[in-house]
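Heads up: take any position in the sequence shown, counting from 1, add 14, and you land on my numbering. Don't be surprised by glycine CBs; every beta carbon is placed ideally from N, CA and C.
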Amino acid sequence: MKKGICIALMAIAPLASGLAIAQTITPTIAQTSSADSTIATSGKSAVESSSVDDSKRLQLEDIFSLEYASNLEINAKGDEVYFVRNYMDIHTDKKLGNIWKVDSKKNLTPVTNGLHVDHSPTLSPDNKKLAYISTASGKPQIHIKWLDTGVTGQMSHFTHSPSNLSWSPDGRYIAFTRFVAEKPKSVVSLPGKPKGAKWAKPAIFIDDMYYRFDGAGLTPPGNRQLFLMSADGGAARQLSQGKFDHSGPLSWSRDGEQIIYSANTRDDSELEWTDSNIFSLDIDSLAVIQLTDRNGPDKQAVISPNGKMIAYLGFDQHYKNYENTQLYIMQLDGSNKRSLTASFDRSVNSIKWADNSKGLFMSYHDRGETYVAYQPLSGKRKVVAKNLGGLAFGRPYTGSEFDVADNGTIAFTYSAPQRPADIAISRKGKTTQLTSLNDNALSHKTLASIKEMTVKSSYDDLEVQAWVAYPPGYEADKKSGKKFPLILEIHGGPVTNYGPHFAAEIQLMAASGYVVVYANPRGSDSYGKAFSQLIYNNYPSQDFDDLMSVVDGVIAQDAIDTDNLFVTGGSGGGVLTAWIVGHTDRFKAAVVAKPVINWYSFALTTDIYPFVIKNWFEKMPWEDAEHYMKLSPISYVGNVTTPTMLLTGEADIRTPIAESEQFYQALKLRNIDTAMVRIPDAPHGIYKRPSNLMSKVAHILWWFDKYQQEDRQQ
Numbered sequence: 015m016k017k018g019i020c021i022a023l024m025a026i027a028p029l030a031s032g033l034a035i036a037q038t039i040t041p042t043i044a045q046t047s048s049a050d051s052t053i054a055t056s057g058k059s060a061v062e063s064s065s066v067d068d069s070k071r072l073q074l075e076d077i078f079s080l081e082y083a084s085n086l087e088i089n090a091k092g093d094e095v096y097f098v099r100n101y102m103d104i105h106t107d108k109k110l111g112n113i114w115k116v117d118s119k120k121n122l123t124p125v126t127n128g129l130h131v132d133h134s135p136t137l138s139p140d141n142k143k144l145a146y147i148s149t150a151s152g153k154p155q156i157h158i159k160w161l162d163t164g165v166t167g168q169m170s171h172f173t174h175s176p177s178n179l180s181w182s183p184d185g186r187y188i189a190f191t192r193f194v195a196e197k198p199k200s201v202v203s204l205p206g207k208p209k210g211a212k213w214a215k216p217a218i219f220i221d222d223m224y225y226r227f228d229g230a231g232l233t234p235p236g237n238r239q240l241f242l243m244s245a246d247g248g249a250a251r252q253l254s255q256g257k258f259d260h261s262g263p264l265s266w267s268r269d270g271e272q273i274i275y276s277a278n279t280r281d282d283s284e285l286e287w288t289d290s291n292i293f294s295l296d297i298d299s300l301a302v303i304q305l306t307d308r309n310g311p312d313k314q315a316v317i318s319p320n321g322k323m324i325a326y327l328g329f330d331q332h333y334k335n336y337e338n339t340q341l342y343i344m345q346l347d348g349s350n351k352r353s354l355t356a357s358f359d360r361s362v363n364s365i366k367w368a369d370n371s372k373g374l375f376m377s378y379h380d381r382g383e384t385y386v387a388y389q390p391l392s393g394k395r396k397v398v399a400k401n402l403g404g405l406a407f408g409r410p411y412t413g414s415e416f417d418v419a420d421n422g423t424i425a426f427t428y429s430a431p432q433r434p435a436d437i438a439i440s441r442k443g444k445t446t447q448l449t450s451l452n453d454n455a456l457s458h459k460t461l462a463s464i465k466e467m468t469v470k471s472s473y474d475d476l477e478v479q480a481w482v483a484y485p486p487g488y489e490a491d492k493k494s495g496k497k498f499p500l501i502l503e504i505h506g507g508p509v510t511n512y513g514p515h516f517a518a519e520i521q522l523m524a525a526s527g528y529v530v531v532y533a534n535p536r537g538s539d540s541y542g543k544a545f546s547q548l549i550y551n552n553y554p555s556q557d558f559d560d561l562m563s564v565v566d567g568v569i570a571q572d573a574i575d576t577d578n579l580f581v582t583g584g585s586g587g588g589v590l591t592a593w594i595v596g597h598t599d600r601f602k603a604a605v606v607a608k609p610v611i612n613w614y615s616f617a618l619t620t621d622i623y624p625f626v627i628k629n630w631f632e633k634m635p636w637e638d639a640e641h642y643m644k645l646s647p648i649s650y651v652g653n654v655t656t657p658t659m660l661l662t663g664e665a666d667i668r669t670p671i672a673e674s675e676q677f678y679q680a681l682k683l684r685n686i687d688t689a690m691v692r693i694p695d696a697p698h699g700i701y702k703r704p705s706n707l708m709s710k711v712a713h714i715l716w717w718f719d720k721y722q723q724e725d726r727q728q
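1) Do you know offhand how far Asn291's Cα is from Arg308's?
2) Just to confirm my understanding: we take Tyr623, look at its own chain, exclude 5 residues before and 5 after, and list those with CB closer than 7 Å. What are they?
3) Report the rounded CA-to-CA distance for Arg409 versus Asn511, giving the unit in angstroms.
4) Quick one: any contact between the region 423-442 and the region 538-549, if contact means 3 or more CB pairs under 8 Å?
5) How is the alpha helix (DSSP H) around Glu675 delimited, first residue to last?
6) Does the beta-carbon distance from Phe631 to Asp621 come in below 9 Å?
7) From what residue to what residue does the alpha helix (DSSP H) around Ala639 run?
8) How long is the line joining the alpha carbons of Pro319 and Trp367, rounded to whole angstroms?
9) What separation, rounded to the nearest whole angstrom, lies between the Cα atoms of Ser709 and Tyr678?
10) Grab me the residues of Trp717's own chain with a C-beta within less than 8 Å of its C-beta, minus the 5 sequence neighbours each way, in chain order.
11) How many angstroms separate the CA atom of Asp687 from the CA atom of Gly413?
12) Name the two residues that bound the continuous alpha helix (DSSP H) containing Asn85.
13) Can Ser649 and Lys608 be called in contact, C-beta distance under 9 Å?
14) State yes or no: is the C-beta of Leu179 within less than 9 Å of the C-beta of Leu161?
15) Using 10 angstroms around the beta-carbon of Trp636, count the other beta-carbons present and answer buried if the total reaches 16, otherwise exposed.
16) State buried or exposed for Pro554, treating a residue as buried only when at least 16 other CB atoms are found within 10 Å of its CB.
17) With a cut-off of 8 Å, do at least 3 Cβ pairs link the region 542-549 to the region 437-455?
18) Under a three-way DSSP split, which group does Phe545 fall into?
19) Taking just the CA atoms, how far does Asp380 sit from Thr355?
20) Please classify Leu300: is it buried, with 16 or more other beta-carbons within 10 angstroms of its beta-carbon, or exposed?
21) Tell me the DSSP bridge mates of Gln239?
22) So is Asp3 buried or exposed if we call it buried at 16+ other beta carbons inside 10 Å?
23) Short check: CB of Leu346 to CB of Lys313, under 9 Å?
24) How would you call Ala49, buried or exposed, if buried means at least 16 neighbouring beta carbons within 10 angstroms?
25) Between the alpha carbons of Val478 and Tyr532, how many angstroms are there, rounded?
26) Our contact map puts Tyr385 next to Ala399 with C-beta atoms below 8 Å; I'd like the distance itself, whole angstroms only.
27) Taking the DSSP output, what are the residues bridged to Asp117?
28) Taking 9 Å as the cut-off, decide whether the C-beta atoms of Ser357 and Tyr342 are in contact.
29) If we ignore side chains and look at the alpha-carbon of each, how far apart do Lys12 and Thr173 end up?
30) Using 10 angstroms around the beta-carbon of Asp719, count the other beta-carbons present and answer buried if the total reaches 16, otherwise exposed.
31) Name the DSSP beta bridge partners of Tyr532, please?
32) Grouping DSSP H, G and I as helix and E and B as strand, with all else coil, what is His130?
33) Just to confirm the assignment, what range does the beta strand (DSSP E) spanning Trp181 have?
34) Under a Cβ-count criterion, where at least 16 other Cβ atoms within 10 Å of its own Cβ denotes burial, should Asp560 be classed as buried or exposed?
35) Let me know the secondary structure DSSP gives Lys142 once reduced to three states.
36) Is the CB of Asp330 under 9 Å away from at least one CB in chain B?
Written as structure tokens, this is what we have:
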């Protein structure tokens, strides 16, 4: 795990979200008047005098019209790409997805259909079958589609979800991982219960370090194990044992006799969560050989097509908030390990072998954008695809995927500032976009234009990259002398990055008449190891200065109403928003979403507390309480004068809602204008329900517009 806080503070998964707001949004807003509590429109005042008609602007209910591509798989010839077409179902308020195929001539064909989730399409070696996972039966199961006949069959009937599907080289078997439950621990048995009596539910005994996980709740005892099943169906054979998780991807040896995987087998694995190694399992004897041995996350092992080498990703653990993930190779027996990217000051995200085994394709982030490069086993790397992204959907993160055909054709999720992810291919240096999934939904809309800017931080002249989203009609309205309200939107993590990618939240804010700026302050990744580590054991700190310099830069170049500056952010961005209102009164209002308010309480209540303490701080909370509190926004709540709303999912255990409650109640005690929005049943990843994305944006815009209106009334 390379991205320290990104793992803990935000859920990095495709964010999906969307009806008429007054009918679908029901979170509680505390302490508002009856006149203010109806959320029927958002940000309307900012667009009243605009030159662009409302019908041309993106509306909250448009969320349910949007789609995006993910989970792509290219065939051997490079002329067909299978992918998941994700969409939002307005009746169930869920993100669903089916598998589609697009060919090099841009012909789109459905492969599966139904109101459920199909994902992880995986072609057999001869490209005649497609294995995938589907919830068509009500639970995730393995399915296979015979592509020549179109026949589909459900191949499994498991009680727990399979993952990491991998075909054997001869196409006869599929390996995968699956959770195997163990009997719950119980240390007492209550006597005297009469037959038919209805007693309370039994107590739950817990003695594990990790006992719950955000979005899943209490974790049952058990581990993920390796399994093998015939491609013709039948019972699955468990290959692995041990009280530890076996992780993918799974890679087969060329002769089909071994499977390579990663696992953390340490006795103290709960304290050393990120220390995984690469292992080889013999399918017949079930003998296991450990191939790597160091403190650090060795993972994503892939055997070369010629069967001689293994490529994998990892780094040496130094217990910092960030390390560059490097690309390594070794012989099949684990000998001759070496890094191919030791001098490359960026993290490698994913890898694919070239068919000739002479090099690898790798993706990485650089300055808020994602690239694919070809890295030969010796020699210089070369960029072969760019403009990857589009999977984050809600906010402009750099999530992306790619795959490579035998002939070197690269398929990838294509990112554009005004569209969610599409499918594109790159062949011999030429990129062709194959899909336009959102043209019907968005081609008639006037969306925000996105422009890049850089500023020098007032703290130390460090260069900070940012992007500005301009509302529809900005240029024409600016000429008439109009000034625009500004929203500073801050990314989570904090070791993640924003970029020039489609983001429903940003577009909706701009559609409501706001200029929106988002940036990558110090601590963000994609700028090198030193840049990310500037906030180690020091967050928040000078990232505040970076963000204020970004705001100053926008004011200097654009038509901004300096009396109407607003700030918001979620997760790590929520931390910084709470910090900002404790250190300046320049913002008219703020919305703090799913934040950490008190590092001491957070470190001892979050679901991944050992990881947090070992990688973000140098001492335990009780050993250095002064330092923990120095970095905590709650310590500066006495300075806050800015009207501040708190917004968090009630089921969030990554940044528990008690964090928001601390800040809310402290502001109430100080008689500062405040409100709290609690999203029922929502974990840290609020956007599992499309209407939750609508709800979040609607509340933010309502809160900001409320204070614009008050200003005009005065």
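Short version:
1) Sequence index remark: in the sequence shown, residue 291 carries index 277 (1-based). Sequence index remark: in the sequence shown, residue 308 carries index 294 (1-based). Between the alpha carbons of Asn291 and Arg308 lies a gap of roughly 7 Å.
2) On the sequence shown, position 609 is the one that residue 623 refers to. Excluding positions up to five away in sequence, the list reads Ala617.
3) Your numbering for residue 409 matches position 395 in the sequence shown. Your numbering for residue 511 matches position 497 in the sequence shown. Rounded to whole angstroms, Arg409 to Asn511 spans 10 Å at the Cα level.
4) Taking a cut-off of 8 Å for Cβ pairs, the region 423-442 and the region 538-549 do not touch, as fewer than three such pairs fall below it.
5) On the sequence shown, position 661 is the one that residue 675 refers to. For Glu675, the uninterrupted alpha helix (DSSP H) run begins and ends at 671-683, by DSSP.
6) The residue given as residue 631 occupies position 617 in the sequence shown. The residue given as residue 621 occupies position 607 in the sequence shown. No, Cβ-Cβ distance for Phe631 and Asp621 is not below 9 Å.
7) In the sequence shown, residue 639 corresponds to position 625, counting from 1. It spans 639-644 - the alpha helix (DSSP H) in which Ala639 sits, taken as one unbroken run.
8) For the purposes of this step, residue 319 is taken as the residue at position 305 of the sequence shown. For the purposes of this step, residue 367 is taken as the residue at position 353 of the sequence shown. Roughly 7 Å separates the two Cα atoms.
9) Sequence index remark: in the sequence shown, residue 709 carries index 695 (1-based). Sequence index remark: in the sequence shown, residue 678 carries index 664 (1-based). A direct Cα-to-Cα measurement between Ser709 and Tyr678 gives close to 19 Å.
10) Reading the sequence shown from its first residue, position 703 is the one you call residue 717. Result list for Trp717: Ala603, Val605, Pro657, Met659, Ala689, in chain order.
11) Numbered from its first residue, the sequence shown carries residue 687 at position 673. Numbered from its first residue, the sequence shown carries residue 413 at position 399. The alpha-carbon atoms of Asp687 and Gly413 are separated by roughly 36 Å.
12) By 1-based counting over the sequence shown, the position of residue 85 is 71. Careful: Asn85 lies outside any alpha helix (DSSP H), inside the beta strand (DSSP E) at 81-88.
13) Position 635 of the sequence shown, counted from the first residue, corresponds to residue 649. Position 594 of the sequence shown, counted from the first residue, corresponds to residue 608. The beta carbons of Ser649 and Lys608 sit no closer together than 9 Å.
14) Looking up residue 179 in the sequence shown gives position 165. Looking up residue 161 in the sequence shown gives position 147. Result no, Cβ atoms of Leu179 and Leu161 do not sit closer than 9 Å.
15) In the sequence shown, the residue the question calls residue 636 occupies position 622. Exposed is the call here.
16) Residue 554 sits at position 540 when you count from the first residue of the sequence shown. With a threshold of 16 other beta carbon atoms within 10 Å, Pro554 meets it and is buried.
17) Judged by Cβ distances under 8 Å, the region 542-549 makes no contact with the region 437-455, as fewer than three pairs qualify.
18) As a first step, residue 545 must be located in the sequence shown, where it is residue number 531. Here Phe545 sits in helix by DSSP.
19) As a first step, residue 355 must be located in the sequence shown, where it is residue number 341. As a first step, residue 380 must be located in the sequence shown, where it is residue number 366. The straight-line gap from Cα to Cα measures roughly 14 Å.
20) Position 286 of the sequence shown, counting from 1, holds the residue named residue 300. Leu300 sits exposed, since fewer than 16 C-beta atoms from the chains shown fall within 10 Å of its C-beta.
21) Numbered from 1 along the sequence shown, position 225 holds the residue referred to as residue 239. Its beta-bridge partners are Arg192.
22) The requested residue 3 is not part of the displayed model; the chain covers only 15 to 728.
23) Along the sequence shown, read from residue 1 onward, the residue named residue 346 stands at position 332. Along the sequence shown, read from residue 1 onward, the residue named residue 313 stands at position 299. Going by C-beta atoms, Leu346 is not nearer than 9 Å to Lys313.
24) One-based indexing of the sequence shown puts residue 49 at position 35. For Ala49, the predicted model reports a pLDDT of 33, less than 50, meaning its position is unreliable and no value from the coordinates is stated.
25) Counting from 1 along the sequence shown, the entry for residue 478 is found at position 464. Counting from 1 along the sequence shown, the entry for residue 532 is found at position 518. Their Cα atoms are separated by approximately 11 Å.
26) Here residue 385 is taken as the residue at index 371 of the sequence shown, counted from 1. Here residue 399 is taken as the residue at index 385 of the sequence shown, counted from 1. Right, their Cβ atoms sit about 7 Å apart.
27) As a working note, residue 117 is residue 103 in the sequence shown. In the DSSP output, where bridge partners are listed per residue, Asp117 has Glu94.
28) Mapped onto the sequence shown, residue 357 falls at position 343. Mapped onto the sequence shown, residue 342 falls at position 328. Not closer than 9 Å, so no.
29) For the chain, the structure presents residues 15 to 728; residue 12 sits outside this window and is missing.
30) Sequence index remark: in the sequence shown, residue 719 carries index 705 (1-based). Buried, because 16 or more other Cβ atoms sit within 10 Å of the Cβ of Asp719.
31) Start at 1 with the first residue of the sequence shown, and residue 532 comes out as number 518. Paired residue(s): Trp481, Glu503.
32) For the purposes of this step, residue 130 is taken as the residue at position 116 of the sequence shown. It is coil, neither helix nor strand.
33) Here residue 181 corresponds to residue number 167 of the sequence shown, with the count starting at 1. From DSSP, the beta strand (DSSP E) with Trp181 extends over 176-181.
34) Sequence index remark: in the sequence shown, residue 560 carries index 546 (1-based). It is buried - the Cβ of Asp560 has at least 16 other Cβ atoms within 10 Å.
35) Reading the sequence shown from its first residue, position 128 is the one you call residue 142. Coil, per DSSP.
36) The structure shown has no chain B; it contains just one protein chain.
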